[in-house]
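Everything on this sheet refers to the single structure shown next.
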Amino acid sequence: MTLKKMGRGALASIVSLAMGLGLTACGRDYTVGYVYVTTASGTSGLVNGYKVDYQQGYLTQLANSPLPSGGKNPVTIVASPDHLSIYIVHRDDSNVVHFLVGTDGKLYPQKTYNILGSFATDASIDAAGKFLYVTYTYQNTILPDGTQQQLYTPANPGPGGVTIFPIGSDGTLGTPSTFALGRNPVKISATNPNHFVYVVAQDSATGNNLFGFSQDPNTGALTPLPGVTINPGNVVSTGFPSGNTPSGIIADASGSHLYVTDQVLNDVMGYTIGANGIPSLIASATTDSAPAGMIIDASGKYLFVAATGAGAVDGYTFGANGEPVRSTVSSSVQVGTGPTCLGMIGAPSSGDPTHGIYLYTSNSLSSNVSGNQMDASTGRLFQVQRTPFSANALPSCLVTVPIVPGR
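FYI, this note's numbering numbers position 330 of the sequence shown as 330, with every residue one higher than the one before it.
Below, the structure written as structure tokens:
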């Protein structure tokens with residue numbers, strides 16, 4: 001029977017059923033969001049883009065994927081809080097490339113911005129979406145002609161810093177400023193909803209490699225918290241206890257707790273954040289080998305750690321004081337080889353409780369992305385269909401972006 005011969009009642013019933021099942025003519029209705037993965041192989045970086053199936057969480061590459069990331073050796077990728085822009089940070093070119101996210105998930109390159117230092121390591125955006133913070137390994141000096149000259153090298157080591165970019169309403173970056181840090185800063189996290197920024201460094205001369213700063217919400221400027229000493233030149237700077245080789249940092253959504261991984265100690269440390277921003281160590285929990293990136297699910301009940309050396313994702317719940325407690329149902333879940341970054345998407349962050357909650361891992365040595373679905377009641381992880389998903393060689397990081405309603 002064709003639609004032409006069907007009565008209004010029957011046709012209305014079919015339309016109603018289709019709407020109830022989410023089976024509309026728009027292909028986006030099957031997509032809960034997008035995953036973007038940077039890869040560092042070759043002379044120039046790439047970014048792979050995928051759409052996320054809302055029912056089962058499997059990934060499908062976008063039509064224009066991969067595309068150039070805009071520089072050499074991308075080390076991280078971050079999304080704006082409004083999900084309309086992403087920023088890719090390149091280590092070797094010491095730059096940031098801004099992309100707009102299309103309504104179909106495709107990325108559209110906009111402009112490249114140089115940082116005020118050499119060898120970028122990480123980036124974070126404050127909760128208001130007003131400032132982008134990019135850490136770098138070595139400080140530069142500005143020459144009379146406006147070009148930059150690197151002040152330090154591995155043979156002549158010295159301090160790094162953080163470049164602070166104001167973010168415009170359209171996602172463009174404004175004139176940057178810079179703030180000096182100690183030696184070898186590696187990761188950064190801006191907290192929400194308070195105005196604090198935390199950096200971890202890998203200076204083998206000290207175990208106090210966690211640095212905290214208050215943020216001016218109008219200018220983005222940073223001021224060291226009490227207990228933080230930033231020294232110029234090739235001299236140890238000191239912060240709060242963290243171990244010698246911290247490798248990841250994340251704050252919870254309330255801004256009341258901070259978590260730091262150490263890639264040699266193989267642990268994750270939990271801190272409470274005081275009203276003055278000072279972090280106090282409460283407890284640590286073991287991880288598998290070489291922990292790196294972390295993510296906390298949208299409900300705030302579960303923490304997941306990428307264990308790079310073990311090819312696993314380690315799951316945690318939280319104790320009464322917010323300390324990490326190793327999960328009994330997802331203690332160590334095998335993913336690909338060399339996992340680096342984690343991303344999550346789905347309910348409740350998608351605003352639709354019928355969607356699954358999906359966790360994705362960029363695997364640097366197996367050149368793919370692993371997908372798992374999380375049980376919201378227990379934190380247990382289950383492989384999604386078709387995992388793993390192929391990527392270009394040497395994935396370095398990933399970010400997830402939900403579909404923006406009304407676009």
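Ideal placement from N, C-alpha and C gives every residue a C-beta, glycine not left out.
query: Less than 6 Å between C-beta atoms, sequence neighbours within five positions excluded: which residues of the same chain meet that for R380?; result: V329, S330
query: Could you tell me which residues DSSP puts in a beta bridge with C397?; result: T38
query: Expressed to the nearest angstrom, what Euclidean distance is found between the alpha-carbon atoms of F165 and G319?; result: 37 Å
query: Does the separation of the CB atoms of Q433 and Q385 fall below 7 Å?; result: What is shown of the chain runs 1 to 407, which leaves residue 433 out entirely.
query: In whole angstroms, give me the CA-to-CA distance for S85 and T38.; result: 15 Å
query: Would you mind working out which of K187, Y108, S247 sits nearest T121, comparing C-alpha positions?; result: K187
query: Could you check where the beta strand (DSSP E) with I282 kicks off and where it finishes?; result: 279–286
query: Of the choices T103, G70, S214, Y316, whose alpha-carbon is the least far from that of P193?; result: S214
query: I need the boundaries of the beta strand (DSSP E) containing K111, first residue and last residue.; result: 107–114
query: Would A40 and S396 be called neighbours here (beta carbons separated by less than 7 Å)?; result: yes
query: Are there 16 or more other CB atoms within 10 angstroms of the CB of T24, so buried, or fewer, so exposed?; result: Any reading at T24 must be qualified, since the residue scores a pLDDT of 32, below 50, and its modelled position is unreliable; the value itself is stated next. Exposed.
query: Let me know the secondary structure DSSP gives Y198 once reduced to three states.; result: strand
query: Since I125 is in the beta strand (DSSP E), which residue starts that stretch and which ends it?; result: 117–125
query: Name the two residues that bound the continuous beta strand (DSSP E) containing A391.; result: That residue, A391, is in no beta strand (DSSP E); it is neither H nor E in DSSP.
query: Keeping to the same chain, check which residues put their C-beta closer than 7 Å to that of S364; ignore five residues upstream and five downstream.; result: G338, T340, L394, P395, S396
query: Can you grab the Cα-Cα spacing for the pair I230 / V78, in whole Å?; result: 27 Å
query: Could you give the first and the last residue of the continuous beta strand (DSSP E) run that contains L258?; result: 257–262
query: If you reduce the DSSP assignment to three classes, tell me which class Y316 lands in.; result: strand
query: Among G227, G233, P279, which has the Cα closest to the Cα of K251?; result: One point to set straight first is that residue 251 is Ala, not Lys, in the sequence displayed. Selected option, being the one with the closest Cα: P279.
query: Just curious, the beta strand (DSSP E) that H98 is in, first and last residue?; result: 95–101
query: What residue does the beta strand (DSSP E) around L173 start on, and which one ends it?; result: Where L173 is concerned, there is no enclosing beta strand (DSSP E), given that its DSSP letter is neither H nor E.
query: Can you tell me where the beta strand (DSSP E) with A307 in it begins and where it stops?; result: 303–307
query: Just grab the DSSP bridge partners of K51 for me.; result: Y34, T60
query: Starting from the Cα of D82, find the closest Cα among A127, T308, V89 and give me that residue.; result: A127
query: For the putative contact between N95 and Y108, defined by C-beta atoms under 8 Å, what is the C-beta separation to the nearest angstrom?; result: With a Cβ gap of about 18 Å, N95 and Y108 do not count as contacting.
query: Near S80, what residues of its chain come up, given a Cβ to Cβ distance below 8 Å and the 5 sequence neighbours on each side ignored?; result: I86, Y87, I125, G129, I167, G171
query: Can you say whether A292 is buried or exposed, counting buried as having 16 or more other CB atoms within 10 angstroms of its CB?; result: buried
query: Count the other C-beta atoms from every protein chain shown that fall within 10 angstroms of the C-beta of N321, then say buried if there are 16 or more, exposed otherwise.; result: exposed
query: In angstroms, rounded to a whole number, what distance separates the CA positions of G45 and P66?; result: 10 Å
query: Which same chain residues end up closer than 7 Å to Q149 when comparing Cβ atoms and leaving out the 5 residues on each side of it in sequence?; result: N140, T141, L143
query: Taking Cβ positions, are P176 and L225 nearer each other than 7 Å?; result: no
query: Name the DSSP beta bridge partners of T76, please?; result: V89
query: So for T223, helix, strand or coil by DSSP?; result: strand
query: Using a 10 Å radius around the Cβ and a threshold of 16 neighbouring Cβ atoms, would you call P154 buried or exposed?; result: exposed
query: Could you pull the DSSP bridge partners for L46 from this structure?; result: T39, P68
query: From P246, N218, T272, pick the residue whose C-alpha is nearest to that of V260; which is it?; result: P246
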